[in-house]
Every structure is written in structure tokens, then in C-alpha cells.
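Chemist: Quick note on our numbering: the sequence shown kicks off at 5 and runs consecutively.
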Amino acid sequence: MMRMTRLVALGWAAVAMTASAFAQINGPTPLAWRWSSSTTVMPSGSPTIDGDNVYVGVGGRVFCVDRLTGNKKWQHPLIEPIDGHFVGSPIRHGSLLIAAGSNKTIYAMDPATGERAWVYDAPGAIVTTPVVAGKFLVFNVDGNRLMAIDAETGVATWENPERIFDGIQGGLVASGGDVFFYTRGREMYSMKVSTRKSTRLAKFQNLSPDATPNLVGETVYAASGNFVVALNATTGTPLWQSSLPYSLILGPGASRGGVVVSTADNKLVILDSNGQLRQTRVKDANGRERSVPMAIDLGSRAIASPTILGDFAAVATANGAVNLVDLVKGELAWSFTIRPLVAGLKDAAGKDVVSIPAVSSPVAVGNTMLVLAADGSMLAFDRDQGVDLTGPSVQLIFPTQGAQVGTRKGPLDVFFLISDDTSGINDKSLKVTMDGKPIDFTFGRDGYLILRFGQGFKNGVLRDGRRIIEVSVSDWMGNVTTSTFSYMVDNDLAPLPRPGNTPPATGGQGGGGRTGN
Numbered sequence: 005m006m007r008m009t010r011l012v013a014l015g016w017a018a019v020a021m022t023a024s025a026f027a028q029i030n031g032p033t034p035l036a037w038r039w040s041s042s043t044t045v046m047p048s049g050s051p052t053i054d055g056d057n058v059y060v061g062v063g064g065r066v067f068c069v070d071r072l073t074g075n076k077k078w079q080h081p082l083i084e085p086i087d088g089h090f091v092g093s094p095i096r097h098g099s100l101l102i103a104a105g106s107n108k109t110i111y112a113m114d115p116a117t118g119e120r121a122w123v124y125d126a127p128g129a130i131v132t133t134p135v136v137a138g139k140f141l142v143f144n145v146d147g148n149r150l151m152a153i154d155a156e157t158g159v160a161t162w163e164n165p166e167r168i169f170d171g172i173q174g175g176l177v178a179s180g181g182d183v184f185f186y187t188r189g190r191e192m193y194s195m196k197v198s199t200r201k202s203t204r205l206a207k208f209q210n211l212s213p214d215a216t217p218n219l220v221g222e223t224v225y226a227a228s229g230n231f232v233v234a235l236n237a238t239t240g241t242p243l244w245q246s247s248l249p250y251s252l253i254l255g256p257g258a259s260r261g262g263v264v265v266s267t268a269d270n271k272l273v274i275l276d277s278n279g280q281l282r283q284t285r286v287k288d289a290n291g292r293e294r295s296v297p298m299a300i301d302l303g304s305r306a307i308a309s310p311t312i313l314g315d316f317a318a319v320a321t322a323n324g325a326v327n328l329v330d331l332v333k334g335e336l337a338w339s340f341t342i343r344p345l346v347a348g349l350k351d352a353a354g355k356d357v358v359s360i361p362a363v364s365s366p367v368a369v370g371n372t373m374l375v376l377a378a379d380g381s382m383l384a385f386d387r388d389q390g391v392d393l394t395g396p397s398v399q400l401i402f403p404t405q406g407a408q409v410g411t412r413k414g415p416l417d418v419f420f421l422i423s424d425d426t427s428g429i430n431d432k433s434l435k436v437t438m439d440g441k442p443i444d445f446t447f448g449r450d451g452y453l454i455l456r457f458g459q460g461f462k463n464g465v466l467r468d469g470r471r472i473i474e475v476s477v478s479d480w481m482g483n484v485t486t487s488t489f490s491y492m493v494d495n496d497l498a499p500l501p502r503p504g505n506t507p508p509a510t511g512g513q514g515g516g517g518r519t520g521n
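The following block contains the structure:
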């Protein structure tokens, strides 16, 4: 057993060494604006924030967008896009903005105007976002070589790329003049760029294919199988390792206050700065309190490592949700589903697209959190710029208001569509009653609320006569909508056939459904 050195425990509010450390996102936050650019290629990387400027690469252009308004300030190139698309995140360094293209080219531009400063032709395909290590720009070439150029001039620092014989797995991270990376041989290395000297820091049994080392101060964090490991970034000496009862994916999010990591079964697990699994108190069915691990069910698989924002962690999931988890209480504080910009959008199988996933981790500074979506749009959540004074929309889809229905000769399915495009639907607030009494329902990530009546269903066969359904729901900012609908029940009538555009009675595609009572 390897001897471990324990770290001093700090609070979650301790400052992390990232741009998002200065964010003040502390709960549900309304959407301020959504900017978009047409693209046929799914973007990658995260937006880059520099004061009131936001830089993002979408398709064959880099854009500068105003952080407060979402208005475009400039685009590069101005006329024709590059022959390819931009890869990863733009990099703000010194007096330049630097971005890599899939056309084996790196572009440097003036961050104020987008005017080109220099161009570098790389010796191969550029994989993932380059990093700045001291005065050098370092990038992955063809997945198995590293190359360094002068970040200010674009002149090659190395005559030839440095071969990584096992290949490079995941992204790069830099600290000072050093670059950290994983190999496909499941090893972690650091390289001093000025000397090209590499140091093997650790060997792992398992690594997520798209994991990137997470460096906080002098500590580098990694997830391997069911272990979270903290290492000294200089020597690779283990500081602690924690075995968890979960299969871990991606890289952990970390600050001086602790670590959060995603699991293969759609959870976000919270550890303290010593690597100990944090606990929370819950009541069992008999009302007795007990301690359980802080493992928050996200309802879908994380698509990128969590971003720690003070006492909260933001994580995007494959079902199109952006989730905010309270790291102190160990609970979901907010979830917003990114909807398609175009109504009636279909996937390759001809099914309705109900949500658009993010492509990377959220980033934040001040009161603003930014998310880049797979459709080339960028969403800005801001508690000052965003205003949400209206409750969710509750729309009856089928049958129509006041219709005559029967429930004895066959099942009756009642469909509502609930939406809120500003702060999202708080599904925990959802209540449905009939004639003043709670009834069973399902509610899915697609926004469909479904009630089922008839033989063999919890709601049973309805009595003849006028029945009144009331739906009450709030958004995450506390705005409540209460809507009332009525039907005339005549059980001598045959069941109404469902129209073809209604979702399955299980709650619709998209997952994340819940059942009421």
C-alpha cells in the first residue's frame, strides 16, 4: 500500500486556479441571450471570456461576441471562412487571440478587431485545443506528436515535433513552462517545453479516452477506474487516492475545496480535499435519519468534466441539460434543458429532436455562465442581464379542451407540453390534480406531461360527468403557472385515437421522466 500524505481540508468557497473561480453563479440563473452561427460541423471546446468579450470558434470562423448583449463584434475571417473548421477553444495570450483550424493551420489575430497577426502551417492535423506554456504555444499533432512555437510570433521553437510513442490521449494542460498529458499507454507525463525533457508522473490501470489532467496549484488530479488520485505535479508523488463504489468517467473537477467526478451511471460524486467521500443526511421511509454519500443523479451521462464555481459545480449532460449542483448540500440546484432553435427539427431516424447537448464544460466569470451547444449556438446565463418574470407555458396537446371522452372501453391518454425557455422547468414543483385530488403522471425531458386513464392504470376508469384537471408548475426562478382544463366523461364512448404527433405514453424520448402521485 502506497503511503499517502493528507491535505488540509478547506471550504468549497476556497479559490480555484481557473477563470471560473471568479464566477458568482450561486443558484438558478435566467437565460440572458442565445447567439448562434450556422454550421455543418459540430463545434468543440468552450467559449473564452476576456472582460466583456467572448471568443468562440464555430465552423470556419472565430467570432467575438459582447458578453452583456450577445451581439457580434467581429468575425474572422471577415469574408470567406477557412477551408475547414476551428478546433477547440480560442486562446487569449498577451496581445493576441490564437485559434487552431482543422486545415493544419494556427491563426493569431487582434482580439479587439479580429485582424490577422500571423499564420502558422502545422506539420500535421491539430488535435484538441493548444495550450500556452510560458512563452510557448504547444499543440498535439496527429495524436502522437507535440509541437511548440513562439506564442507571440508564430515562429517554430522546435525544428521538428516531439514524438510520443504511445500516442496522446485526451487534452493538454499547461502550468508555467510545463505541459501535462496522458498517453494511450495510460501514463501521465509532464514535459518542460524549453528542454523537451519529459517526466513520467504516474501509471494508471484505466483512463477515460477523453480525460485531461486537472491541475490546481501544485496538485494534479486524475480519475482511473473507480479511483480518484491526487499527485504532486512536480514529482508525481501521490498525495492521496480514494477508492469509490462507482465506475468513473472523464476527468475530475477540482478546487482547493475538494473534488467532483462523474460516474458511468450518471451521477456526480463529491469528495472533500482529503479525497474522502462527502456525506449528507436523509430520512428513510420510517423517518429515521441516516448518512448517505453525496452522489447526485443527473439523469444522463456527463459529456465533459465538471466546472467548479465556488460552492457549486456546473456539468453538461448528454440529454441536453446544463446542471448546477450544490456542493455543500449535495443536491441538484438547477437544471436547464437546451431546446432546438428550429421547431420541428428531426434526427437521422426521423424522430423529433427535443434537446441539443452542449459540446464542452460550461465556463463562467462574474455573474455570467456560457455554454456552447452542438448546433453552433452559445447560451449566456446571467442573473443581472437575464430577466424571468413569467411562469412556464402549459399547453394542452390532446384531447382538446372540453372534449367528450371515455375511459372504460379503452385507455385515454392526455398530453400537455410544458416549456420555459428562460430559466427552465423545476419538475419537483409539478403538481397535477383531478377534481382537487392528486393523480398519477409522467413528465419527461422532452417537456411532455402525460396522464393515463383506464383499466389497469393507476388513475383508473373515470366517473361519468365533468372532470377538472389542474396543472401547477414553477420555473427555477419561482414563477408559478397554474392552468385548469376540463373534460366531459361518458364511458359509453369509444376511446379517442391518439394523433400521430404525440410522444410514447412512457413520457416521451429524452429520458429523465418522473412519476407523480
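Note that CB positions come from ideal geometry on N, CA and C, so glycine has one too.
#1: State the DSSP-derived secondary structure class of Ala347, mapped to helix, strand or coil.
#2: DSSP three-state label for Val12, please.
#3: By a C-beta neighbour count over all protein chains shown, 10 Å radius and 16 as the cutoff for buried, is Gln459 buried or exposed?
#4: Let me know if Pro134 comes out buried or exposed under the rule of 16 or more other beta-carbons within 10 Å of its beta-carbon.
#5: Do three or more CB pairs link the stretch 247–266 to the stretch 211–219 at distances below 8 Å?
#6: Who are His97's beta bridge partners in DSSP?
#7: Let me check understanding here. Comparing Cα to Cα, which of Gly88, Gly138, Arg65 lies closest to Arg120?
#8: Taking Cβ positions, are Ala103 and Gly63 nearer each other than 8 Å?
#9: Using 8 Å as the threshold, is the C-beta distance between Ala362 and Ala320 below it?
#10: Among the candidates Gly138, Gly428, Asp468, Arg96, whose CA atom is the shortest distance from the CA of Pro34?
#11: Could you give the DSSP three-state label for Arg445: helix, strand or coil?
#12: Where does the unbroken beta strand (DSSP E) through Thr241 begin, and where does it stop?
#13: To which residues of the same chain is Arg188 closer than 6 Å at the C-beta, ignoring the five residues directly before and after it?
#14: Would you kindly check if the distance between the Cβ of Pro415 and the Cβ of Arg456 is under 8 Å?
#15: Could you pull the start and end residues of the beta strand (DSSP E) that Pro256 belongs to?
#16: When you compare only the Cα positions, how much space is there between Lys333 and Ser295?
#17: Just to confirm before moving on: does the CB-CB distance between Asp386 and Ala36 stay below 8 Å?
#18: On the three-state DSSP scale, how would you describe Ala129?
#19: What is the residue span of the beta strand (DSSP E) that Asn430 lies within?
#20: Which same chain residues, not among the five before or five after Thr437, have their C-beta less than 6 Å away from its C-beta?
#21: Which residues mark the beginning and the end of the beta strand (DSSP E) in which Asp417 is found?
#22: Which stretch, first to last residue, makes up the beta strand (DSSP E) that contains Arg287?
#23: Figure out for me which residue from Leu302, Val58, Gly88, Ile86 has the closest Cα to the Cα of Trp78.
#24: Kindly indicate which residue of Gly390, Val484, Asp154 has the alpha-carbon position closest to the one of Asn526.
#25: Hey, would you say Asp301 sits closer than 8 Å to Asn270, going by beta carbons?
#26: Pick helix, strand or coil for Ala25, following the three-state DSSP scheme.
#27: If you reduce the DSSP assignment to three classes, tell me which class Pro503 lands in.
#28: With distances taken between CB atoms, is the gap from Val142 to Val183 smaller than 8 Å?
#29: Return the bridge partner residues of Thr223 from the DSSP annotation.
#30: How is Trp78 classed by DSSP in three states: helix, strand or coil?
#31: Contact check, Leu275 vs Arg285 under 8 Å by CB: the rounded distance?
#32: Pull up the CB-CB distance for Gly221 and Gln245, whole angstroms please, since I reckon it's below 8 Å.
#33: Per DSSP, which one or two residues make a beta bridge with Asp54?
#34: Could you give the DSSP three-state label for Phe385: helix, strand or coil?
#35: Assess, as a yes-or-no matter, whether the stretch 401–421 is touched by the stretch 492–499 under the definition of 3 or more beta carbon pairs within less than 8 Å.
Modeler: If we stick to the structure as given:
#1: DSSP, read as helix, strand or coil, puts Ala347 in coil.
#2: Note that Val12 has pLDDT 34, beneath the 50 cutoff, so the model's placement of it is unreliable and the number below is only indicative. Looking at Val12 - three-state DSSP - the assignment turns out to be coil, as it is neither helix nor strand.
#3: Under the 10 Å beta carbon count, Gln459 is surrounded by fewer than 16 other beta carbons and is classified as exposed.
#4: Per the 10 Å Cβ criterion, buried.
#5: Note that the stretch 247–266 touches the stretch 211–219; at least 3 beta-carbon pairs, one per stretch, sit closer than 8 Å.
#6: Note: His97 sits in a beta bridge opposite Leu100.
#7: Comparing Cα-Cα distances from Arg120 to each of Gly88, Gly138, Arg65, the minimum goes to Arg65.
#8: Cβ atoms of Ala103 and Gly63: not closer than 8 Å.
#9: Yes. Within cutoff.
#10: Comparing Cα positions, the closest option is Gly428.
#11: Reading off the sequence, residue 445 comes out as Phe, not Arg. Look at Phe445 here: in three-state DSSP terms it is coil, with no helix or strand label.
#12: From DSSP, Thr241 is part of no beta strand (DSSP E); its letter is neither H nor E.
#13: Closer than 6 Å at the Cβ level, and outside the excluded window around Arg188, lie Asp170, Gly171, Gln173.
#14: Result yes, Cβ atoms of Arg456 and Pro415 sit closer than 8 Å.
#15: Counting along the chain, Pro256 sits inside the beta strand (DSSP E) bounded by residues 252–259.
#16: Per the coordinates, the alpha-carbon of Lys333 lies some 13 Å from the alpha-carbon of Ser295.
#17: Contact: yes.
#18: If DSSP states are grouped into helix, strand and coil, Ala129 belongs with coil.
#19: It spans 429–438 - the beta strand (DSSP E) in which Asn430 sits, taken as one unbroken run.
#20: Cβ contact annotation for Thr437 (same chain, cutoff 6 Å, sequence separation greater than five): Glu474, in chain order.
#21: For Asp417, the uninterrupted beta strand (DSSP E) segment begins and ends at 416–423.
#22: Rather than Arg, the amino acid found at residue 287 in this sequence is Lys. Annotation for Lys287: the continuous beta strand (DSSP E) segment containing it runs 283–287.
#23: Measuring from the Cα of Trp78, the nearest candidate turns out to be Val58.
#24: This structure cannot settle anything about residue 526, because the visible part of the chain is limited to 5 through 521.
#25: Going by C-beta atoms, Asp301 is nearer than 8 Å to Asn270.
#26: Bear in mind that a pLDDT of 46 at Ala25, under 50, signals an unreliable position, so the number given afterwards is only what the model happens to contain. Here Ala25 sits in helix by DSSP.
#27: In this structure, Pro503 counts as coil in the three-state DSSP scheme.
#28: Yes.
#29: Residue pairing by DSSP places Thr223 opposite Val220, Asn236 in a beta bridge.
#30: Trp78: strand per DSSP, three-state reduction.
#31: Rounded, the Cβ-Cβ distance is 18 Å, inconsistent with contact.
#32: In fact, because the Cβ distance is near 18 Å, the residues do not count as touching under 8 Å.
#33: The partner list for Asp54 (beta bridge, DSSP) reads Asn57.
#34: Shown here, Phe385 sits in a strand according to DSSP, grouped into three states.
#35: Because the criterion of three Cβ pairs below 8 Å is met, the stretch 492–499 and the stretch 401–421 touch.
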